[in-house]
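Numbering (the UniProt record's numbering), first residue to last: 1 to 444.
Glycine included, every Cβ here is placed at the ideal spot set by N, Cα and C.
Every value quoted in this text rests on a predicted model; they were computed, and no experiment measured them.
Okay, so here's the structure we're looking at.
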Ligand code: SAH
Ligand code: SF4
Ligand code: F3S
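Here's what the structure looks like:
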């Protein structure tokens with residue numbers, strides 16, 4: 001079978017899609033471009049209204065392939081699938097598999113059945129009691145960077161967020177299995193691992209934990225011989241342990257980079273969002289991180305126009321941004337999600353106000369981003385090369401990768417293939433969202 005995967009949403013979805021793609025390839029299925037596919041797998045995100053609507057317009061487009069060739073079918077997975085469930089079948093007859101986030105492990109077998117039997121439809125929507133372990137099958141070529149899930153779900157129920165409903169309750173994975181997977185990846189040549197979860201700082205604190213805390217897990221993974229770089233996401237500020245902060249000063253392969261979503265700089269809003277930290281506590285975490293790792297690249301998520309957000313609340317957010325000076329941020333207009341607490345709040349912010357606040361916030365972030373990038377000029381960094389740079393327009397090949405802080409760096413280098421290599425690069429120029437540099441040492 002020829003298949004094509006389309007992924008929306010967070011890195012956990014990317015990780016699930018990667019696993020599916022690898023597994024299907026070991027069954028002899030072939031990944032192809034959209035126009036050639038017979039099986040489409042759409043891994044969806046429901047975190048805001050916009051990504052949800054994108055799924056429906058995509059399905060409208062995929063319908064044409066089915067009309068031209070009734071053998072074509074679609075599998076819908078991820079968070080919208082979990083939320084909408086088998087209602088998809090009524091609206092989209094060419095959808096023949098619906099799977100939620102705990103169902104991913106059983107998707108290859110379900111797809112085989114569907115491919116063999118044109119009358120078959122399957123749903124895999126149950127939440128499981130345990131972390132749904134899945135067999136690792138790696139293709140011949142693996143990129144140098146890999147994601148490893150350490151948990152599933154979330155117990156925080158922030159007032160705006162649908163994730164606890166779509167991913168279920170928090171289930172930590174056994175540390176032994178996380179370590180086995182990391183070791184297997186490093187044996188296959190992986191150089192950088194990102195540990196993933198909706199709230200990695202509370203790893204091991206649920207009933208499924210095996211007594212190993214997140215800080216201990218970080219130390220164990222970092223100690224795997226041959227692992228050059230370690231990252232993790234996402235971190236909830238309320239649960240970040242002192243030992244995790246200290247790890248940025250003591251683990252040589254833990255990259256100096258942290259995504260620490262703050263959402264708002266106003267205590268009143270943090271309270272009504274249910275974030276369970278104050279601005280003061282957040283600022284202290286930032287100070288402590290910078291004390292152990294002065295170069296740490298901090299990024300964040302921000303919501304504007306949460307119900308009840310006043311001009312002053314919004315100013316508090318801008319002021320926090322000026323204090324922390326994030327390298328970059330993801331910022332969103334508050335979006336009503338079905339069934340969450342904030343949906344029932346009555347003090348909604350008008351769309352025009354949300355829009356204006358978002359623009360102001362993003363303009364401020366653009367200033368901070370360019371200043372942060374300019375501050376890198378003249379510094380030497382280590383770039384793990386991901387591929388050829390699209391900006392390559394002259395004779396010397398141009399490469400693109402990420403530095404230790406996670407920033408995108410482009411550089412010229414005439415080696416035949418640098419993908420997967422770590423290249424010492426001196427930064428020469430800052431662009432709006434990325435850096436340019438020159439090779440200043442031997443690739444390794
Ligand atoms: N687990 C992560 C966040 C996952 S969702 C954490 O707690 O940090 C990614 C981001 O989407 C959130 O950080 C938040 O900024 C945004 N988001 C979630 N629900 C939203 C909503 N209803 N409206 C707007 N943004 C939302
Ligand atoms: Fe959503 Fe909050 Fe859980 Fe993050 S911590 S996934 S924002 S409920
Ligand atoms: Fe989206 Fe689900 Fe991730 S809602 S952000 S894909 S957990």
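| Asked | Found |
| --- | --- |
| Close beta carbons around residue 186, own chain, < 8 Å, minus the five adjacent residues each side | 193, 224, 225, 226, 227 |
| Residues that DSSP places opposite residue 429 in a beta bridge | 436 |
| Candidates 59, 102, 112: closest to residue 27 by CA position | 112 |
| Residue 249 versus residue 295: straight-line alpha-carbon distance, rounded | 11 Å |
| Beta carbon of residue 97 nearer than 7 Å to that of residue 75 | yes |
| Presumed contact (8 Å Cβ cut-off) between residue 426 and residue 380, rounded CB distance | 5 Å |
| N-terminal and C-terminal residue of the alpha helix (DSSP H) that residue 49 is part of | 49-68 |
| Of the residues 262, 219, 252, the one placed nearest residue 244, counting alpha carbons only | 219 |
| Chain-order list of residues whose beta-carbon lies under 7 Å from that of residue 389 (same chain, five-residue window excluded) | 398, 399, 400, 410 |
| C-alpha distance - residue 51 paired with residue 338, whole-angstrom precision | 14 Å |
| Proximity below 7 Å, CB of residue 176 to CB of residue 131 | no |
| is_contact[residue 201, chain C] using C-beta, thresh 7 Å | Among the protein chains of the structure shown there is no chain C, as only one such chain exists. |
| Cβ distance (whole Å) where residue 82 is taken to contact residue 100 below 8 Å | 4 Å |
| Buried versus exposed, by CB contacts within 10 Å (16 or more), residue 118 | exposed |
| The alpha helix (DSSP H) enclosing residue 380, as first and last residue numbers | Unbroken run through residue 380 is the beta strand (DSSP E), 380-388; no alpha helix (DSSP H). |
| DSSP three-state assignment for residue 287, whether helix, strand or coil | helix |
| As assigned by DSSP and simplified to three states, the class of residue 175 | helix |
| Residue 332 and residue 303 closer than 7 Å at C-beta | yes |
| The segment 358-371 contacting the segment 308-327, beta-carbon criterion three pairs below 8 Å | yes |
| Beta-carbon proximity check, residue 38 vs residue 63, cutoff 7 Å | no |
| Same chain, Cβ closer than 8 Å to residue 402, neighbours up to 5 away in sequence not counted | 383, 384, 386, 408, 409 |
| Counted within 10 angstroms of its Cβ, other Cβ atoms place residue 323 as buried (16 or more) or exposed | exposed |
| heavy atom of the ligand SAH below 6 Å from residue 234 C-beta | yes |
| Status (buried if at least 16 other CB within 10 Å, exposed otherwise) for residue 152 | buried |
| Any non-hydrogen atom of the ligand SAH closer than 6 Å to residue 15 Cβ | no |
| Residue 9 CB to nearest heavy atom of the ligand F3S below 6 Å | yes |
| Heavy atom of the ligand SAH within 6 Å of residue 248 beta-carbon | no |
| Where residue 301 sits in the DSSP three-state scheme | strand |
| Three-state secondary structure (DSSP) of residue 410 | strand |
| C-alpha gap between residue 9 and residue 54, whole angstroms | 11 Å |
| Nearest to residue 157 (by Cα), restricted to the options 141, 341, 217, 291 | 341 |
| Which residues DSSP lists as bridging residue 450, in chain order | No answer is possible for residue 450: it lies beyond the span of the chain, which begins at 1 and ends at 444. |
| Exposure of residue 438, with buried meaning 16 or more beta-carbon neighbours within 10 Å | exposed |
| Closest residue to residue 106 among 129, 416, 134 (Cα-Cα distance) | 134 |
| Exposure label - residue 433; buried when at least 16 CB within 10 Å | exposed |
| Assigned secondary structure, residue 446 (DSSP; H/G/I helix, E/B strand, else coil) | With the chain covering 1 to 444 only, the question about residue 446 has no answer from this structure. |
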